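Single-structure report; data block below.
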Amino acid sequence: MNYEAVIGLEVHAELLTKTKIFCSCTTEFGGEPNTHVCPVCLGLPGTLPVLNKKVVEYAVKAGLALNCEISKFSKMDRKNYFYPDLPKAYQISQYDLPLCKNGYVEIETSDGVKKKIGLTRIHIEEDAGKLMHENIDGSLVDYNRTGVPLIEIVSEPDMRTPEEAYLYLTKLKSVLEYSEVSDCKMQEGSLRVDTNVSVRPVGSNEFGTKIELKNLNSFKAVQRALEYEIKRQIKLIENREKIVQETRRWNEQKGVTESMRSKEEAHDYRYFPEPDLVPIIVSDEWKEEIRKSLPEMPEYKKERFVSQYGIPEYDASVITSSKPLADFFEKCALEYSSAKIISNWIMGEMMRLLKETGKEIDEVPIKPHQMASLLNLIDNGTITGSIAKTVFEDMFMTGKNPEEIVEEKGLKQLSNEDELREIAIKVIKDNPKSVEDYKNGKDKAIGFLVGQMMKATKGKANPQLANKLLKEELSK
Amino acid sequence: MELHELKIHELHDLLKNKEVSAVDVTKAYLERIKEVEPQVDALISITEEYALKKAEEADKMIQDGNINDLTGIPVIIKDNMCTENIRTTCASKMLEDFVPPYNATVVENLSNLGAVMVGKANLDEFAMGSSTENSAFKTTKNPWDLSRVPGGSSGGSAASVAADECAFSLGSDTGGSIRQPASLCGVVGMKPTYGLVSRYGLVAFASSLDQIGPLTKDVTDCAIVLNAIAGHDPKDSTSVDKMRKKDYKEFLKDDIKGIRIGYSKEFFGEGLDDGVRESIESSLKIFESLGAEVKEISLPYLDYALAAYYIVSSAEASSNLARYDGIRYGHVATNYEDLIDMYMVSRSEGFGKEVKRRIMLGTYALSSGYYDAYYNKALKVRTLIKKDYEKAFEDVDVIVGPTSPTTAFKIGERVEDPLAMYLADVYTVPVNIAGLPGLSLPCGLSNDLPVGLQIVGRHFDEGVVLNAAYAFEKACNFNAKPSFKGGAR
Ligand SMILES: [Zn+2]
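Order-wise, the sequence lines are chains A and B.
So the number in this note's numbering is just where the residue sits in the first sequence, counting from 1, plus 27.
Quick note on numbering: this note's numbering labels position 15 of the second sequence as 0, and the sequence is numbered without any gaps.
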């Protein structure tokens, strides 16, 4: 029998507001434990929450970017449960009236099939603190993270393969980054993913028993955990064993999912409307204002880059995968006429150096006009293409102007005929084997000789001139 | 007259004319507290050192010509309002050693005006109760008869005013906790409209019902204190900011000709003491004699108010009190096995009987499967009661009636019967449910115990309530004082 998986994802993203959701404490990551706290976020007796307007704005922005309906009227609710990392013993969240509903994310699978993944809802809530159990007798709690604003994005169970889940997450992350509502750093916990997966025979409309997967630290881990879990569930079904509804954790080292707790212990959260906060009203005017502040989303940007700059679709999708990269490209294109050459440099040298150094594009000091200057230096023959790569690397590290680097390091192209002719004569003398090859009709040998001239001039020789002079001398 | 017998406005005149200093006044009250406190037991903390420091500051303000109505006036704060660096216990073992690092907004307001806090008042634990017998520390006595309760939960606040331990006090009112003890102790107590006074720093019992208000010796003082505590607070989102700040003293006029006063026949049903009934009926006659138009109205859903109140308030309380888990502050168990056990033992040891009863009730009402049957239904009743009042206020400007169905009852009399105790708030609870302003003032004696008259107004119509109360106070001329004089007895 053939089986298919039914996958739904719950993603928690930390919003990039400067202050917490109900007080004015900083949301900055790190800091000594319990230094980013006040009586309000610690839930001390008598304190009251006051909703940060920016949180609503950011959540609406995310909702609009993810094609959601924005609720004109929504409210906050209390989700009650005891845990030491939750100071008030309830989390202020949204229950039956979330801020955003009915959105979607469009993905494109490797076979080129486009698919819409539905979003049930996006709601706002506060984060809890962090428990630490290591190297101590007992446990410690750090409340720096309590009250950091989160959005929870709940998908429909629309994904059928781990690949789709991976693509969904990648797309979701890029939209959140584009709209600048979250930095989506998984290593800092600003993006957290839980997934639900069940398996059923292809063609069936019923859902199988749902397993929740936690402890997923990267998108790759989500994909791998799902792959493992789907196989495990199919095997159980084929062996006529029962699948127990439970929460399982992904063990990255062993590459397996492990049982965490059974769903029977599920909490009764006793949700009820938060009496300390007034309802959230999003007027049409406010919504439109937020919509106007939304930047262009990746898919539109990609299409526009293809039509406006005439670069290939592949280039456009690579460049628009990150907003800062796309911004850099566009600014360069304002300063330099050939967009394709810019995209070659970005996809080649820029991406290579980013990968090697582990830097983010916004940490690179190169200014668009400096990039244009560099390309102009190649065009007007001041430097060779290969020297330009050296110059670029220097610019990448130091942010210096290319002219300055060329001047300082004496990298100007050699175009002096007399000087080059002397070098050509010397190269011919030193490489009799290649000369013989050339004379025997092996045209390729000339390339080697040009290379030797480059080596002798440390890459500065004008390649066309070198070629011409070599041929002249060889024909003598 | 002794200093401690004076009203705020009388003390103010003396202070303004420099006939006494704030330090003199404070010392006189601290003396009085020492004298009567052993019998009344109204206070959990006496803040002597702090008070003397504040009094000096107040004298400095007065010297600088900076005097306002409350500068140098001694006040007692119910011990469920946070006071910076001063222990705030909620009369619970759970918070016995809790010292907040912040002031409640009302405390901050009073402090800025130069009022002098001399102590913190006893209450029913976490403000749950109608007799102040549920305090984990002591039972406050009614100054009119020391064998009787002062009412609750602001029993300490009311008794401290009646026993002249302060010029005024602050209480909190969730279902009648200011008005009912005011009635039983023969003082003026007001629960303002929900949202008029900031709740920041008030340790929450039921957030959607709680409201802070004054307990004073007369209506004028009530207006003075309301002026000091009313107003928008950015720290409390439910405090209203669209209200223009009013001077409530402007409503203290004895002319109420043409004011329409409603009373509901539902007020005069079963359980109402005859003595109380007589006082209320003669109060209606006083209003008529003043030229007010007195008419009968109907509040048909009133019967369901108490039930709805106990569901909603207990539900919110179960959630508000969940934070007392022994993890960060307050009482923590010493013997436990694991985390869950630590929560359970800490809470079992830290909370009293009544608090536990309400946590259980509230948890049950919110739990899945029962939510719709209880909590949701209670919310619907709440809407009906609000509509009742809205309809009534189309025809009348204020609604008057008894504050409490009985005068002060004996200590211990209702301890074993929580339902009988809950009936003490039957007239006050609907006002909280609808979020309306309500004031209780003495209107007579029944068997030598004070009877309270409740005046309820439209939302944010405190002015009209004060106007009616002021005119009534003048006409009624209630000037009995507790037989209790303090000192050896
Ligand atoms: Zn904070």
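Think of the CB as a built atom: it goes at the ideal place given N, C-alpha and C, for glycine as much as any other residue.
Bear in mind the structure is a predicted one, so any value in this text is a computation, not a measurement.
Please report the distance separating the alpha-carbon of B/A473 from that of B/S77. Only weak support exists for where B/A473 lies, its pLDDT of 43 falling under 50; the value from the coordinates is given anyway. Distance between the alpha carbons of B/A473 and B/S77 is about 30 Å.
From what residue to what residue does the beta strand (DSSP E) around B/M175 run? 173 to 176
Is the Cβ of B/P128 closer than 8 Å to any Cβ of chain A? no
Within this structure, are the beta carbons of A/Y30 and A/P228 separated by less than 8 Å? yes
Compute the distance between the beta-carbons of B/I209 and B/V182, then report whether it is under 8 Å. No.
For ligand 1, residues whose Cβ lies under 6 Å from any non-hydrogen atom: With 6 Å as the limit, the residues whose C-beta approaches any heavy atom of ligand 1 more closely are A/K47, A/C50, A/C52, A/V64, A/C65, A/V67, A/C68, A/G174, in sequence along the chain.
Quick check: what's the CA-CA separation for A/H63 versus A/P72? 18 Å
Cβ neighbours of B/H(-11) in the same chain (closer than 6 Å, five flanking residues each side left out): A13, Y14, R17, D149
Which residue's Cα is closest to the Cα of A/I48: A/G35, A/A32, A/A86, A/P60? Closest in C-alpha terms to A/I48, from the list A/G35, A/A32, A/A86, A/P60, comes A/A86.
Given a limit of 7 Å on CB to CB distance, which residues of the region 113 to 142 of chain A reach chain B? P114, K115, A116, Y117
Residues of the region 219 to 237 of chain B with Cβ closer than 8 Å to any Cβ of chain A, in chain order: P219, K220, D221, S222, T223
Spatial neighbours of A/C518 in its chain, beta-carbon cut-off 7 Å, leaving aside the 5 residues before and after: Outside the modelled stretch of chain A, which goes from 28 to 503, sits residue 518 of chain A, for which no answer is possible.
May I ask which residues mark the beginning and end of the beta strand (DSSP E) holding B/C67? No beta strand (DSSP E) contains B/C67, which DSSP labels as neither H nor E.
By Cβ distance below 7 Å, which residues in the same chain neighbour B/A27 in space, the five residues on each side in sequence not counted? A106, N107, T125, G141, A144, S145, A148, E150, listed in sequence order.
Let's see if you can read the secondary structure: which residues bound the beta strand (DSSP E) around B/V383? 383 to 387
List, in order along the chain, the chain B residues whose C-beta lies closer than 9 Å to that of A/V309? Within chain B, no residue comes near A/V309; the closest Cβ sits about 16 Å away, beyond 9 Å.
Quick check on A/M287: buried or exposed, where buried means 16 or more other Cβ atoms within 10 Å of its Cβ? exposed
Please classify B/V12: does DSSP put it in a helix, a strand, or coil? The displayed chain sequence assigns Lys, not Val, to residue 12 of chain B. In the three-state DSSP reduction, B/K12 falls in the helix class (H, G or I).
By how many angstroms is the C-alpha of A/F299 removed from the C-alpha of B/L346? 15 Å
Residues of chain A with CB closer than 9 Å to the CB of B/F83, please, in chain order. L71, P72
Counting only the same chain and skipping the five closest in sequence on each side, list residues whose C-beta sits under 7 Å from that of A/F356. I346, I369, S370, I373
Quick check for students: name the residue ranges of the alpha helix (DSSP H) that lie wholly in the region 143 to 226 of chain A, counting only runs of 4 or more. 189 to 205
Please list, in chain order, the chain A residues whose beta carbon lies closer than 7 Å to that of B/I312. P111
DSSP has A/H39 in a bridge; who is on the other side? A/E179, A/R219
Counting along the chain, where does the beta strand (DSSP E) carrying A/Y336 start and finish? No beta strand (DSSP E) contains A/Y336, which is instead part of the alpha helix (DSSP H) from 325 to 336.
Provide the residue(s) that pair with A/I97 in DSSP beta bridges, ordered along the chain. A/C127
Of the residues B/G156, B/M327, B/A293, B/G420, the one placed nearest A/F109, counting alpha carbons only: That would be B/M327, whose Cα lies nearest to the Cα of A/F109.
Please work out which residues of its chain come closer than 6 Å, Cβ to Cβ, to A/G58, disregarding the five sequence neighbours upstream and downstream, and give them in chain order. Only N171 meet the Cβ criterion.
Using 8 Å for Cβ pairs, my map puts B/Y295 next to B/Y407. What's the rounded Cβ distance? 7 Å
I'd like the list of long-range same chain contacts for A/G235, defined as Cβ closer than 6 Å, with 5 residues on each side in sequence excluded. S225, V226, R227
Contacts around A/L218, its chain only, beta-carbon distance under 6 Å, and the 5 residues preceding and following it disregarded: A40, C211
For the candidate residues B/A40, B/Y321, B/C461, B/F378, whose alpha-carbon lies nearest to that of B/R245? B/F378
Within the continuous beta strand (DSSP E) that includes B/A106, where are the two ends? 101 to 106
In whole angstroms, what separates the C-alpha of A/K99 from that of B/E334? Distance between the alpha carbons of A/K99 and B/E334: 46 Å.
Assuming the contact rule is C-beta atoms closer than 8 Å, B/R164 and B/G423 should be a hit. Round their C-beta distance to whole Å, please. 6 Å
Given a limit of 7 Å on CB to CB distance, which residues of the region 79 to 113 of chain A reach chain B? R105, N107, F109, P111
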